[in-house]
Amino acid sequence: MSNKITLMQGNEACVQGALYAGYRFYAGYPITPSTEIAELSATELPKVGGKFIQMEDEIGGIAAAIGASIAGTKSMTATSGPGFSLKQENIGYAAMAQIPLVIVNVMRGGPSTGLPTQSAQADIMQAKYGSHGDYPMIALSPMSVRETFDLTVRCFNLAEKYRTPVMLMTDEVIGHLRERVVVPEPGELEIINRTTSEAGVLRPRPYEKQPGEIVPAMSVFGDGNRAHTTGLFYNETGFPSNSTDNAKIMLERIFNKVYDNVDDIVQVEEFELDDAEIAFVTFGSTSRVVKAAVKALRAEGIKAGMLRAITIWPSPEKQIRELAQKVDHIIVAEQNMGQYVREVQRIVEGQARVQHYGRGNGDLIKPQELVALVKEVEHGTK
Amino acid sequence: MKQLELRLTGSGGQGVIMLGVILAEAAIKKGHFAIQSQSYGPEARGGASKCEVIIGSETIDYPKVQQPTLLLALTQIAADKYAQNLPQDAVLIIDDSIELINDPGTENIYRLPILVTARDVVRKELTANIVSLAAINQILGLFSKEELLEAVLQRVPKGTEILNQRAVEAGIELVQNHVG
Amino acid sequence: MEPSKLIQEYFRDANLPHIWCPGCSHGIVTRAITKAIDELGMDKDNTVIVSGIGCSSRAPGYMAFNTVHTTHGRAIAFATGIKMSKPELDVIVITGDGDASAIGGNHLIHAARRNIDLTVIVFNNNIYGMTGGQYSPTTPTDAFGTTAPYGNIDQPFDILKLAEGAGATYTARGTAYHTKQLISYISKAIKHKGFSIVDAISVCPTYYGRRNKSGSGVQMMVWLKDNYVDVKVYDKLPEEKRAGKFVYGEFYEQERPEYTAEYQKIIDRLRGEV
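As structure tokens, this is what we get:
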């Protein structure tokens, strides 16, 4: 059987990937440039018995999506710009209450209403730190339409596996790009479904991890578990506890389930790094610019390479640290005024020079700019 | 195959985005790599509209057109904005109603009565994009007529097949009758 | 003393005693909900209780059903997702006056507009209790709160008129004193197919009462008894006797297409099952 090859838009690939992963619920609010995800979900979900609802606002969108997930349904919400800010409180709720959920952010220029129809990658820190309090975040960033499909599937897998909200951080360039896509056949990509607790059994300690579990199995509404979910700190019974000892344990649990499994969660692409003397660290749509620049530089005999974070949160610490051992100079290229560069600097700890290149004005960086920059670095002028 | 970068411009409603989508789909069908993007937002609703298509035999990295192989301009505003600083060997197709106010940078200019042809020959102004598509293909020699028609018919609304077939024929004729 | 049958059956007695202050009537309203559920013979496994944030919203933690304590103002939005994804579940929302009509006002009116089959019970004590007595959208004009130290100049919402105007198809008001009626309204609201809301007047002696010199919890309950009149009686009262009276009773009941059922029709149509 040969795969279907088609011209597909990034936002469409997100919905097709979600359907492939078995999602059955979408709640959201229209916002540019993510709206096609809502529109296509509205069209496709009822065909497979799923549900779509356009909520009254962004907050309602994520709240309903979490509700559906608590009820046992794989669910997703998508947004952009201001909508991402509005969703933050409930992102923290999902992290705290350990509810699987996929949140898509098709990034646009900001702050405020900003540049609704133009691209940026300026919500990178917000993705990790946007909600109040301490919590871990898993965020993936695609560089192509096909990868939007694959990473949406992976977002659902990670959300279910680790009982946590997972973000797909794409942007206007990729969201609206139509591209040749080889559509995966059913069975070709791994699908992880939720581990649920045994039906008909009242569980006195539903948040107690059983041997072999990464996270405790989730209760499904209607299955007789009659569990409680809350955004307060809770103990293994699921009921509130304001003991500081308990809060410490629970915080460590929600952190450790992610950070103890970074090797499973973190994915990177290494391009021309073997003999590289100067390297770019980048992610998402900017990777396409960097790749074109690296090819152009290599054609001129300049040994440039690229480390692309496919998983941006948790950040690929090990890979970035190794890179800093290998090259003297790292350029973090991103469509913003300097965000991920902070994370790279933190990891590199001065082992290599780390420089930011980017802007957040909606104007995609051009490969020639990066080529020129590397040449300046080589000549010691930058 | 050298990477082709096409910039298709007009006003919102003229269907230049659909034109780009059909081109990209035809290219994919033929085994090429292709991407399509567009100016997005208020501009797509009556103002200047821009659609870009890149076709190549390898993965396309940078997603925007930088050195157009071809520029299509269907309105004066679009021509004023985009028909300048083109590469020397670029193809410029403009509707014959347009006056070039800037030096386009290329002498490879096709001044074609696209809008009038759509209106008076095909008898449907909305087919200007398909007339343009056929003209572009005739000039660049990308696809056979059958391949082009297949891609067109896959996208256009049901019941408009004959109309769009006429538009393809008209576009081909425009180029065949063109005196440079 | 042996806990009552109602407590044994419908409460998580390990989580009791509750956090509510002495004299607070939220416990009475909570009991009224379980009593209605008991009378209706509902399946506990199939019943979901969703709350927001505030004193009232702590109730689900004590109730032996599928329960969710969500974020401030968002209970109805969470409940919408639960009900949409599993319409076979009976979904009851417990919320306070601030939770439902201030921070969550938008979700309230839109859920009512959709006529989605949720039952919303507003524990309406006219004050923000959890944060220590600030005025809410149902605090009467001229009453005092910690943020209305010179008297409240806001006009209060009538939550039921708001809900009815937005499209709710069953509205009723009960009080913590008139429990028999309250239980019957909650029962009717749960049975009602569509968006139903019961405004359950509750008393907060600690914050509302103290600030407004309303006396103890008992005195506030006596006030409810003396000042709330059944709407059927009220309608027959001469104008001069209506002054200063408040009404409880059923205000609106209507059959209208229910949201999840309408959505199911789309699914059935698309899947060729009709």
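Protein chains in written order, with the working numbering: chain A, 759 to 1140; chain B, 431 to 610; chain C, 2 to 275. No residue lacks a Cβ here, since even glycine has one placed at the ideal position from N, Cα and C.
Q.
Can you give me the C-alpha to C-alpha distance between VAL1085 of chain A and THR801 of chain A, rounded to a whole angstrom?
A. 49 Å
**Q.** Cβ shell of MET221 of chain C (< 7 Å), same chain only, five flanking positions each side left out
**A.** Only residues of its own chain outside the window of five on either side were considered, and among them VAL204, PRO206, GLY210 and SER215 have a CB closer than 7 Å to the CB of MET221 of chain C, listed in chain order.
Q | Residue-level contact to chain A via CB, PHE12 of chain C, 9 Å cutoff | A | no
Q.
According to DSSP, is PRO923 of chain A part of a helix, a strand, or is it coil?
A. strand
Q.
Just checking LEU453 of chain B against the ligand MG - is the residue's beta carbon closer than 8 Å to any of the ligand's heavy atoms?
A. Looking at this structure, you won't find the ligand MG or any other ligand, since it has none at all.
Q: Could you work out which residues of chain A lie near LYS494 of chain B, taking near to mean beta carbons separated by less than 7 Å?
A: LEU1122
Q. Hey, is the stretch 17-26 of chain C in contact with the stretch 189-205 of chain C, meaning 3+ C-beta pairs nearer than 8 Å?
A. Yes, since at least three Cβ pairs between the stretch 17-26 of chain C and the stretch 189-205 of chain C fall closer than 8 Å, the two stretches touch.
**Q.** Residue of A:ILE896, A:GLU905 and A:THR995 minimising C-alpha distance to ALA885 of chain A
**A.** A:ILE896
Q: Could you have a look at PRO998 of chain A and say whether DSSP puts it in helix, strand or coil?
A: strand
Q. Could you check where the alpha helix (DSSP H) with GLN1083 of chain A kicks off and where it finishes?
A. 1075-1084
Q: Report, in whole angstroms, the separation of the C-beta atoms of SER833 of chain A and ALA823 of chain A, which I expect to be a contact under 8 Å.
A: 5 Å
Q.
Distance cutoff 9 Å, beta carbons only. Does VAL451 of chain B sit that close to anything in chain A?
A. yes
Q) If you measure from the beta carbon of ILE465 of chain B to each beta carbon in chain A, is any gap under 9 Å? A) At least one CB of chain A lies nearer than 9 Å to the CB of ILE465 of chain B.
(Q) To be precise: take each residue of the stretch 1047-1060 of chain A, compare its Cβ to all Cβ atoms of chain B, and keep it if any distance is under 8 Å. Which residues remain? (A) Taken in chain order, the members of the stretch 1047-1060 of chain A whose beta-carbon sits within less than 8 Å of a beta-carbon on chain B are VAL1047, LYS1049, ALA1050 and LYS1053.
Q) Would a check of beta-carbon distances place ASN16 of chain C closer than 9 Å to chain A? A) yes
Q | Distance between ILE93 of chain C and LEU41 of chain C (C-alpha atoms, nearest Å) | A | 14 Å
(Q) For the stretch 826-846 of chain A, list every residue whose C-beta sits within 9 Å of some C-beta in chain B, in sequence order. (A) none
(Q) For GLN182 of chain C, which residues in the same chain have their Cβ closer than 7 Å to its Cβ, ignoring the five residues on either side in sequence? (A) GLY175 and TYR249
Q. Looking only at C-alpha atoms, which of A:ARG921, A:GLY1096, A:ILE1023 and A:THR1044 sits nearest to LEU1065 of chain A?
A. A:THR1044
**Q.** the stretch 76-92 of chain C touching the stretch 775-790 of chain A, judged by at least three CB pairs closer than 8 Å
**A.** yes
Q. Near THR764 of chain A, what residues of its chain come up, given a Cβ to Cβ distance below 7 Å and the 5 sequence neighbours on each side ignored?
A. VAL939 and VAL941
**Q.** Closer than 9 Å at the beta carbon, the chain A residues around LEU90 of chain C
**A.** ALA829, PHE979 and GLY980
Q) Do we get a CB-CB distance below 9 Å when we pair ILE490 of chain B with the residues of chain A? A) yes
Q) Per DSSP, LYS480 of chain B is paired with what? A) B:THR439
Q. Could you check where the alpha helix (DSSP H) with VAL234 of chain C kicks off and where it finishes?
A. 232-237
Q.
Here's the rule I'm using: 16 or more other beta-carbon atoms within 10 Å means buried, otherwise exposed. How should TYR63 of chain C be labelled?
A. buried
Q) Among A:LEU859, A:GLY989 and A:GLN774, which has the Cα closest to the Cα of ASN951 of chain A? A) A:LEU859
**Q.** Where ARG1117 of chain A sits in the DSSP three-state scheme
**A.** coil
Q. Is the CB of SER86 of chain C under 9 Å away from at least one CB in chain A?
A. yes
Q: Report, in whole angstroms, the separation of the C-beta atoms of ALA112 of chain C and ILE77 of chain C, which I expect to be a contact under 8 Å.
A: Indeed, because the Cβ distance is near 5 Å, the residues count as touching under 8 Å.
Q) So with Cβ pairs under 9 Å, would you call ALA454 of chain B a contact of chain A? A) Yes, its Cβ sits closer than 9 Å to a Cβ of chain A.
Q) When the Cα atoms are used, what is the spatial distance from SER562 of chain B to LEU516 of chain B? A) 19 Å
Q: Would you decide whether LYS6 of chain C is buried or exposed? Buried here means 16 or more other CB atoms lie within 10 Å of its CB.
A: exposed
Q) Between the C-alpha atoms of VAL552 of chain B and ARG585 of chain B, what's the straight-line distance to the nearest angstrom? A) 18 Å
Q) Per DSSP, THR147 of chain C is paired with what? A) The partner list for THR147 of chain C (beta bridge, DSSP) is empty, contrary to what the question assumes.
Q: Report the three-state DSSP secondary structure of GLN135 of chain C (helix, strand or coil).
A: strand
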